[in-house]
Amino acid sequence: MKKIALTFLGLVAFSTSALAQQEVKFGPKAGVNFATLNGKDAKDAKMLIGFHVGAFAEIKFNEKFAVQPEVVFSAQGAKTEYSETVMGVTANYEGKAKINYINVPIMAKYYVAPSFAIEAGPYVGFLATANAESKGTVGGVTQEFDADVKDQTNSIDFGVGVGASFNMDSGLFIGARYNLGLAKTGKDYDETVNGVRVKVDAEDVKNAVIQVSVGYKF
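Anchor point for the sequence shown: position 114 equals 113 in numbering that gives the first Met the number 0, and the numbering is continuous, going up by one each time.
So this is what it looks like as structure tokens:
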């Protein structure tokens with residue numbers, strides 16, 4: 000994980016320095032996240048609404064091609080909901096995994112038209128916070144729990160993103176992107192079974208986020 004992060008940051012530094020003589024525009028971006036968790040162990044995960052905010056630099060080679068490194072705070076995760084009735088008593092449960100990252104994507108952009116671009120590229124995410132919230136109601140009695148699970152969450156995420164943007168002459172743009180995580184969100188851990196210490200693999204749970212953004216290029 001650390002090697003991936005260091006390699007990726009080196010690529011960011013190289014791209015921004017080696018292309019210093021190209022046309023470069025900077026700006027902020029922000030928007031809404033439609034986040035969930037994918038994987039064989041995340042079948043009950045539902046969409047959690049979050050947000051993202053950050054900054055970017057668009058480095059244009061020519062009218063068609065550009066590279067866009069970014070630094071973005073992204074509120075992600077998922078929620079679960081279920082209910083069951085046993086002997087006439089109904090239990091309702093709601094849980095939320097709130098996992099926040101500082102994401103650093105590098106997007107390759109192709110301008111299909113002067114105002115419309117498509118993009119794709121890798122990203123690395125650095126864990127900021129991780130919390131698990133739960134709320135259960137049984138027979139009209141409600142209990143709530145909130146736990147910091149940062150120690151059980153991988154500090155590095157990585158994946159790929161694809162998207163598109165509509166760019167206006169004023170500098171404003173509207174974009175949409177899908178980020179697919181390739182790393183498990185949880186850490187492997189050790190467990191003692193019958194006096195024997197064994198390694199347990201983390202559950203197959205990975206990030207998946209749709210982002211809708213508004214930004215401005217200077």
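Built from N, CA and C at the ideal position, the CB exists for glycine as well.
Everything numeric in this text was worked out from a predicted model, so none of it was measured.
Identify whether residue i lies in helix, strand or coil by the three-state DSSP scheme.
i       : result
Ala-63  : The sequence shown places Lys at residue 63, rather than the Ala named in the question. Lys-63: coil per DSSP, three-state reduction.
Met-150 : Reading off the sequence, residue 150 comes out as Asp, not Met. Three-state result, Asp-150: helix.
Thr-141 : strand
Val-103 : strand
Ala-54  : strand
Ser-169 : coil
Gly-49  : strand
Asp-40  : coil
Since I believe residue j is in contact with residue i (beta carbons under 8 Å), could you give me their beta-carbon distance rounded to a whole number of angstroms?
i       : j       : result
Ile-101 : Gly-124 : 7 Å
Ala-90  : Glu-80  : So it is not a contact: roughly 12 Å between Cβ atoms.
Ala-116 : Tyr-109 : 6 Å
Ser-59  : Glu-93  : As written in the sequence, residue 59 is Lys, which differs from the Ser given in the question. At roughly 46 Å, the Cβ-Cβ gap does not stay under 8 Å, so Lys-59 and Glu-93 are not in contact.
Gly-53  : Phe-217 : Not a contact, Cβ separation roughly 15 Å.
What's the call for residue i, buried or exposed, on a 16-neighbour Cβ count within 10 Å?
i       : result
Thr-35  : buried
Val-88  : exposed
Arg-176 : buried
Glu-118 : buried
Glu-69  : buried
Asn-32  : buried
Glu-62  : exposed
By the DSSP assignment, the beta strand (DSSP E) with residue i in it spans what residues?
i       : result
Phe-157 : 155–166
Val-208 : 205–215
Gly-26  : 22–37
Thr-184 : That residue, Thr-184, is in no beta strand (DSSP E); it is neither H nor E in DSSP.
Lys-198 : 195–199
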